[in-house]
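There are 2 protein chains.
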Amino acid sequence: MQTVIIGSGNVAYHLAKAFMLNAVPVAQIFGRNEQELEKISEKLQIPYSTKKLSDADLYIICVSDQSVGEVSRLIIRKDCLVAHTSGSLPIDILAGEYRKSSLYPLQTFSKSKKLDYQHIPFFIEAENEEDRKLLSDMASAISKNVMESTYEKRKYIHLTAVFACNFVNHLFSRAKEISDSQKIPFDYFLPLIDETVGKIHEIDPKYAQTGPAVRNDKRILEMHEELLEDESLEIYKTMNHSIQKLYEL
Amino acid sequence: MQTVIIGSGNVAYHLAKAFMLNAVPVAQIFGRNEQELEKISEKLQIPYSTKKLSDADLYIICVSDQSVGEVSRLIIRKDCLVAHTSGSLPIDILAGEYRKSSLYPLQTFSKSKKLDYQHIPFFIEAENEEDRKLLSDMASAISKNVMESTYEKRKYIHLTAVFACNFVNHLFSRAKEISDSQKIPFDYFLPLIDETVGKIHEIDPKYAQTGPAVRNDKRILEMHEELLEDESLEIYKTMNHSIQKLYEL
Chain A
0 MQTVIIGSGN VAYHLAKAFM LNAVPVAQIF GRNEQELEKI SEKLQIPYST KKLSDADLYI
60 ICVSDQSVGE VSRLIIRKDC LVAHTSGSLP IDILAGEYRK SSLYPLQTFS KSKKLDYQHI
120 PFFIEAENEE DRKLLSDMAS AISKNVMEST YEKRKYIHLT AVFACNFVNH LFSRAKEISD
180 SQKIPFDYFL PLIDETVGKI HEIDPKYAQT GPAVRNDKRI LEMHEELLED ESLEIYKTMN
240 HSIQKLYEL
Chain B
0 MQTVIIGSGN VAYHLAKAFM LNAVPVAQIF GRNEQELEKI SEKLQIPYST KKLSDADLYI
60 ICVSDQSVGE VSRLIIRKDC LVAHTSGSLP IDILAGEYRK SSLYPLQTFS KSKKLDYQHI
120 PFFIEAENEE DRKLLSDMAS AISKNVMEST YEKRKYIHLT AVFACNFVNH LFSRAKEISD
180 SQKIPFDYFL PLIDETVGKI HEIDPKYAQT GPAVRNDKRI LEMHEELLED ESLEIYKTMN
240 HSIQKLYEL
């Protein structure tokens, strides 16, 4: 079976790498950014092109949500399966006469980080059982956690990830702003952060909540508000309000 | 040197345990909750009392912020050092004629979790150099990260921890609510969460931000808002606003 990956960003690179590491050959990487393609091609020993898309049985589109529709039009072959990798798009965004599908890896990718692909969940959607099985077999070569999902479910998966990952990272940014302002190294907080995150591997986060809001410690809540301003103050108020609502304080 | 720990909660237990594990003897654990004291006493082989506070050179008060002042009055001896363990109180909350100090462990404690004490930062404040050295030596027996701090600095340390730990945990709670609503196991998100947190051991979180807000992806931002309500919607809006302000979008 011939597989082509379209795109030259982090998802394209990591997916291609994971396939190659697990004896799933990738026939070509196709994209617009020649410089990036050349780098990936060299690292992973996969041919690339910016001009001619190879004939393949499976095309995996790893480009930004905005470009998926446009890029999907480049595939003119009919007897093939096309998968996008977005958590936020239906499969009928794919605008060709081929079979449509989605292969959504639930992970945040950056080129510089090594990833443990085995534990990255893959969510699969396809139009028929055969295609579902094909994608499922491929993803299972990389990962232990391969599951089916609908578009509707994918939206909520993505939204959960925004809370648990994007927003969490932003809290780290705002926390670092506060510690930087006092010349306290942010590294001092890493054990605390690791402990906080380690806990939810064992306990439901709802039962792991600590801090002044869940204790309803008004003195500290007021003192903290006086130390904050602008967006950080808004976050402080919104989060405390939400904590107190959750625990009915 | 005789050391007494006052309190029977998580901080008292973990501090006593860390001292005992590192050959710093604790002469007594004192408190009101006999049941808890008995448990700690049995586990750590330290005598306890609910009635008679032993004579000691150092008393470490590990009780809730609200009780520190009241509890500190129980110590009538003058020639001794008393430390509270709060991140949010000045040392003159201690209401006796003894020498006053603070020994603040920057960590979230729960009795059931094993902790790597070595990497827990301890922040120390005392009235004179000798007491600072005494506390610093004791804390250094447990931890590699022992530092001085003022009350003012402690307030910001605590506030940073609220953002990086308490609020992060609450985001996990709200994220789990979303995944639960779709019957998606929250465990699927743990690799993503670990990756997100692993990153900030290497990169400034400001440079690790991903997600629809930093990409200014209005389609997804609007779609997500339609899936949310109440506190989660408020969090969604507040966090996105803060992200867009930080990156000047």
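If you read the protein sequences in the order shown, they are chains A and B. Numbering follows numbering that gives the first Met the number 0, with no gaps: position 107 of the first sequence is 106. Numbering follows numbering that gives the first Met the number 0, with no gaps: position 149 of the second sequence is 148. The C-beta atom is built at its ideal place from N, Cα and C for all residues, glycine as well. For clarity, every value in this text was computed on a predicted model and none was experimentally measured.
Suppose contacts are defined by Cβ-Cβ distances below 7 Å. Is residue i in contact with residue j by that definition?
| i | j | result |
| --- | --- | --- |
| T49/B | E69/B | no |
| Y58/B | V10/B | no |
| C164/A | L191/B | yes |
| A17/A | I141/A | yes |
| F122/B | L170/A | no |
| F108/A | H13/A | yes |
| V196/A | V196/B | yes |
| S100/B | A82/B | yes |
| K244/B | E230/A | yes |
Any beta-carbon of chain A closer than 7 Å to the one on residue i?
| i | result |
| --- | --- |
| G210/B | yes |
| V70/B | no |
| Q34/B | no |
| E233/B | yes |
| I199/B | yes |
| S178/B | yes |
| V67/B | no |
| T49/B | no |
Whose Cβ in chain B lies nearer than 9 Å to the Cβ of residue i?
| i | result |
| --- | --- |
| H13/A | Chain B residues near H13/A: none, gap ~11 Å exceeds 9 Å. |
| V10/A | The premise fails here: V10/A is roughly 11 Å from chain B at the closest Cβ pair, so nothing lies under 9 Å. |
Please classify residue i as buried or exposed, where buried requires at least 16 neighbouring CB atoms within 10 angstroms.
| i | result |
| --- | --- |
| Q117/B | exposed |
| I199/A | buried |
| Q44/A | exposed |
| M0/A | exposed |
| Q106/A | buried |
| R72/A | exposed |
| I75/A | exposed |
| N168/A | buried |
| Q65/B | exposed |
| K154/A | buried |
| R218/B | exposed |
| S63/B | exposed |
| P184/A | exposed |
| D130/A | buried |
Whose Cβ in chain B lies nearer than 8 Å to the Cβ of residue i?
| i | result |
| --- | --- |
| K205/A | S172 and K175 |
| M222/A | S87 and K154 |
Kindly say whether residue i, judged by its beta-carbon, lies nearer than 7 Å to any beta-carbon of chain B.
| i | result |
| --- | --- |
| C164/A | yes |
| T149/A | no |
| I160/A | Residue identity differs from the one stated: residue 160/A is Ala in this sequence, not Ile. Chain B contact via Cβ: present. |
| E194/A | yes |
| S241/A | yes |
| Q181/A | yes |
| N168/A | yes |
| M238/A | yes |
Just to make sure I have the definition right: I need the residues of chain B whose C-beta is within less than 7 Å of the C-beta of residue i. Which are they?
| i | result |
| --- | --- |
| H118/A | P190 |
| G187/A | Contrary to the premise, residue 187/A reads as Tyr rather than Gly in this sequence. Simply L105, P120 and N144. |
| L226/A | K154, Y155 and L158 |
For residue i, return the contacting residues in chain A, with the cut-off set at a CB-CB distance below 7 Å.
| i | result |
| --- | --- |
| H83/B | None at all; the shortest Cβ gap to chain A is about 14 Å. |
| I90/B | Simply none; closest approach about 16 Å. |
Against residue i, what residues of chain A qualify as contacts under a CB-to-CB distance less than 8 Å, listed in chain order?
| i | result |
| --- | --- |
| N215/B | Residues of chain A passing the Cβ test: none, with the nearest at roughly 11 Å. |
| D64/B | D216, R218 and I219 |
Going along chain A, which residues have a C-beta under 9 Å from residue i?
| i | result |
| --- | --- |
| K244/B | D229 and E230 |
Self-check item: Contact between the region 147-165 of chain A and the region 87-107 of chain A (3+ Cβ pairs under 8 Å)
Solution: yes
Quiz item: Are three or more beta carbon pairs between the region 202-213 of chain B and the region 166-185 of chain A nearer than 8 Å?
Solution: yes
Quiz prompt | the region 231-244 of chain A contacting the region 230-239 of chain B, beta-carbon criterion three pairs below 8 Å | solution = Contact holds: three or more Cβ-Cβ distances are below 8 Å.
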